[in-house]
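Worksheet: one structure, shown below.
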Amino acid sequence: MANIKSSIKRAKINKVKAMVNKRKKSALKTQIKKTDLAIQSAAENADELFRKTQADLDRAATNGLISKNTAARRKSRLAKLANKAGEA
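Going by the numbering used here, 78 is the number at position 84 of the sequence shown; the sequence numbering is gapless.
Take a look at the structure:
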């Protein structure tokens, strides 16, 4: 346990930030799964969900929640799935 006042405060802040980041990451993963399912089932709102998910992935990468390459990879996979569903 930290003894210095600033160290105690930093430990507390780090704990809160870790919880916030975990919640945001979980929400992002849930949205990706929802979009994936909507695209596969050819739902009416799939295109709208796809655009929103792309924007959220970009925002998460900008804010440092996930890396830029991870965001690009996930967007690419969703786009590939959307194109495949559009052809069929």
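Using N, Cα and C, we set each Cβ at its ideal position, and we do this for glycine too. Predicted model, so just to flag it, every value in this text is computed and none were measured.
Residue i classed as buried or exposed, judged by whether at least 16 other C-beta atoms fall within 10 angstroms
i	result
T47	buried
I60	buried
L22	buried
A40	buried
Same chain, Cβ closer than 6 Å to residue i, five either side skipped, listed in chain order
i	result
K62	A55
A76	I33 and F44
Backbone secondary structure at residue i - three-state DSSP
i	result
N(-3)	coil
I60	coil
E38	coil
Close beta carbons around residue i, own chain, < 8 Å, minus the five adjacent residues each side
i	result
T64	A55
K18	A54 and L59
Proximal residues to residue i (C-beta, below 7 Å), its chain only, five neighbours per side dropped
i	result
R68	I26 and L51
A5	A(-4)
Could you tell me whether the segment 67 to 75 touches the segment 23 to 39, where touching means 3 or more Cβ pairs closer than 8 Å? The segment 67 to 75 makes contact with the segment 23 to 39, as at least three CB pairs between them are under 8 Å.
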